[in-house]
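These notes concern the structure reproduced below.
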Amino acid sequence: PGHKGKNTAAEPRRYSCSFPAMIEDWRAKWHALTDNATARHFPFGWAQLNSDGTGRQDYTNRTFNPPHPPANCGRGCAPACSGECLGRYHEWGDYGNGFTGLRYAQSAALRVRNTFQAVIIDTPVASGSIHSPFTQPVGRRLARGALAVAYGRKELHAVDPIATGAVLRAGAVEISVGGLGRGGLMAEIGARGFEVLGNCSGPTLCWMSSPISAASADAVTLSALPAQPQAVRYLWYIDAVGVHPFRAPIYTKALPLPGAPGIKYGNGELLPLGPFLLPL
Numbered sequence: 033p034g035h036k037g038k039n040t041a042a043e044p045r046r047y048s049c050s051f052p053a054m055i056e057d058w059r060a061k062w063h064a065l066t067d068n069a070t071a072r073h074f075p076f077g078w079a080q081l082n083s084d085g086t087g088r089q090d091y092t093n094r095t096f097n098p099p100h101p102p103a104n105c106g107r108g109c110a111p112a113c114s115g116e117c118l119g120r121y122h123e124w125g126d127y128g129n130g131f132t133g134l135r136y137a138q139s140a141a142l143r144v145r146n147t148f149q150a151v152i153i154d155t156p157v158a159s160g161s162i163h164s165p166f167t168q169p170v171g172r173r174l175a176r177g178a179l180a181v182a183y184g185r186k187e188l189h190a191v192d193p194i195a196t197g198a199v200l201r202a203g204a205v206e207i208s209v210g211g212l213g214r215g216g217l218m219a220e221i222g223a224r225g226f227e228v229l230g231n232c233s234g235p236t237l238c239w240m241s242s243p244i245s246a247a248s249a250d251a252v253t254l255s256a257l258p259a260q261p262q263a264v265r266y267l268w269y270i271d272a273v274g275v276h277p278f279r280a281p282i283y284t285k286a287l288p289l290p291g292a293p294g295i296k297y298g299n300g301e302l303l304p305l306g307p308f309l310l311p312l
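This is the structure we're talking about:
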């Protein structure tokens, strides 16, 4: 397992191709150079990029396309800033927020056979460094995927929260979440982290911050919406949760790992919902 991507933040769209290619290239080389002793599709896992920074400038109804964008959209859009480079909803990069596109690419790489990912966006450090000091929870989250993929312990990775859909219903956005534990979804009402793309001021598009207004066992509702909402995104900033660890807006509880300290994790372990972007 590894923590990959931070040095390619300027080229998230290219990374979406190069990262899966690297996985398959490493596998092919290990297989060939060990005289086929290493499995051709051996398990491969990674830690998704952590929250990096203070978060002070986030969730402020960010304009979708500034009137005078930098030539390269802030980073990674050479030779010119364009919707094709950023993506329809800026999924590949949002004017200097290249890490968001890398996280998007890392999640997409799960389509590669025998892979797993640990979401660690809720483990920041007060200094704002990308490197999480909370190595034990990061290690446990990676271990869940490794035990499931490499050793068939699927029950240890059955809880893996993921957004499964987003719909407009009765003037609100409802986001469904799958991969939940027995206790369902645990959401902090009023927490920021979600944004809805729409017309915030006349024809000007922006990502309007929309705090969680309600939650059920498997869904959250957003009520503060712009006009003509088009898409919803979650934790879509480099420093999406600021500097406070284990304070993501949404968690679910998984069974404890074998051997985890019972006094602390006997009742299970909280796993966060990771970043996502979905059209409406």
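When we follow the numbering used here, the leftmost residue of the sequence shown carries the number 33, and every step to the right adds one. Think of the CB as a built atom: it goes at the ideal place given N, C-alpha and C, for glycine as much as any other residue.
Name the DSSP beta bridge partners of residue i, please?
{"i": "Y283", "result": "M218 and P304"}
{"i": "A60", "result": "Per DSSP, none; premise fails for A60."}
{"i": "R201", "result": "A204"}
{"i": "V264", "result": "V228 and L310"}
{"i": "G77", "result": "F148"}
{"i": "V313", "result": "Absent from the model: residue 313. The displayed extent of the chain is 33 to 312, so no value can be given."}
{"i": "T95", "result": "C238"}
Report buried or exposed for residue i, applying the criterion of at least 16 other Cβ atoms within 10 angstroms of its Cβ.
{"i": "D90", "result": "buried"}
{"i": "Q260", "result": "exposed"}
{"i": "F308", "result": "buried"}
{"i": "S164", "result": "buried"}
{"i": "T155", "result": "buried"}
{"i": "D192", "result": "buried"}
{"i": "S242", "result": "buried"}
{"i": "E187", "result": "exposed"}
{"i": "G225", "result": "buried"}
{"i": "W78", "result": "buried"}
{"i": "G291", "result": "exposed"}
{"i": "H100", "result": "exposed"}
{"i": "R214", "result": "exposed"}
Can you tell me whether DSSP reads residue i as helix, strand or coil?
{"i": "L312", "result": "coil"}
{"i": "A256", "result": "coil"}
{"i": "C105", "result": "coil"}
{"i": "L237", "result": "strand"}
{"i": "G132", "result": "Note that residue 132 is Thr in the sequence shown, not Gly. In the structure shown, T132 sits in a helix (DSSP, three-state: H, G or I)."}
{"i": "A223", "result": "coil"}
{"i": "V275", "result": "coil"}
{"i": "R172", "result": "helix"}
{"i": "I244", "result": "strand"}
{"i": "A53", "result": "helix"}
{"i": "H251", "result": "Here residue 251 turns out to be Ala, not His, going by the sequence shown. Correct three-state label for A251: strand."}
{"i": "V157", "result": "coil"}
{"i": "P165", "result": "coil"}
{"i": "P33", "result": "Confidence at P33 is low in this model, with a pLDDT of 45, below 50, so the placement of that residue is unreliable and no value is reported for it."}
{"i": "Q138", "result": "helix"}
{"i": "C113", "result": "coil"}
{"i": "G291", "result": "coil"}
{"i": "Y121", "result": "coil"}
{"i": "S83", "result": "coil"}
{"i": "Y269", "result": "coil"}
In its own chain, which residues sit with a C-beta less than 7 Å from the C-beta of residue i, not counting the 5 before and 5 after it?
{"i": "A140", "result": "S48"}
{"i": "A182", "result": "P75"}
{"i": "G211", "result": "V191, D192, P193 and I194"}
{"i": "R279", "result": "D154 and V273"}
{"i": "V170", "result": "A79, A150, I152, T155 and S164"}
Quick one: measure Cβ to Cβ for residue i and residue j, integer angstroms, because I've assumed they're closer than 8 Å.
{"i": "V273", "j": "I153", "result": "6 Å"}
{"i": "N146", "j": "F51", "result": "Not confirmed; about 15 Å, so no contact."}
{"i": "Q149", "j": "Q80", "result": "6 Å"}
{"i": "V151", "j": "G300", "result": "Actually they do not touch by this definition, with Cβ atoms about 17 Å apart."}
{"i": "N93", "j": "W239", "result": "7 Å"}
Only counting the same chain, and skipping five residues up and downstream in sequence, which positions put a Cβ closer than 6 Å to that of residue i?
{"i": "D84", "result": "I162, I270 and D271"}
{"i": "A64", "result": "none"}
{"i": "I221", "result": "I244"}
{"i": "W124", "result": "P44, R45, L118 and G133"}
{"i": "V157", "result": "P165"}
{"i": "Y283", "result": "M218, L302 and P304"}
{"i": "A110", "result": "N104"}
{"i": "L179", "result": "R185 and L188"}
Beta-carbon within less than 8 Å of residue i's beta-carbon, same chain only, minus the 5 sequence neighbours each way: which residues are those?
{"i": "L310", "result": "A195, G197, A198, I207, A263, V264 and R265"}
{"i": "R143", "result": "P52"}
{"i": "Y121", "result": "L229, Q262, A263, R265, L309 and P311"}
{"i": "D250", "result": "S208, V209, G210, L212, G216 and L217"}
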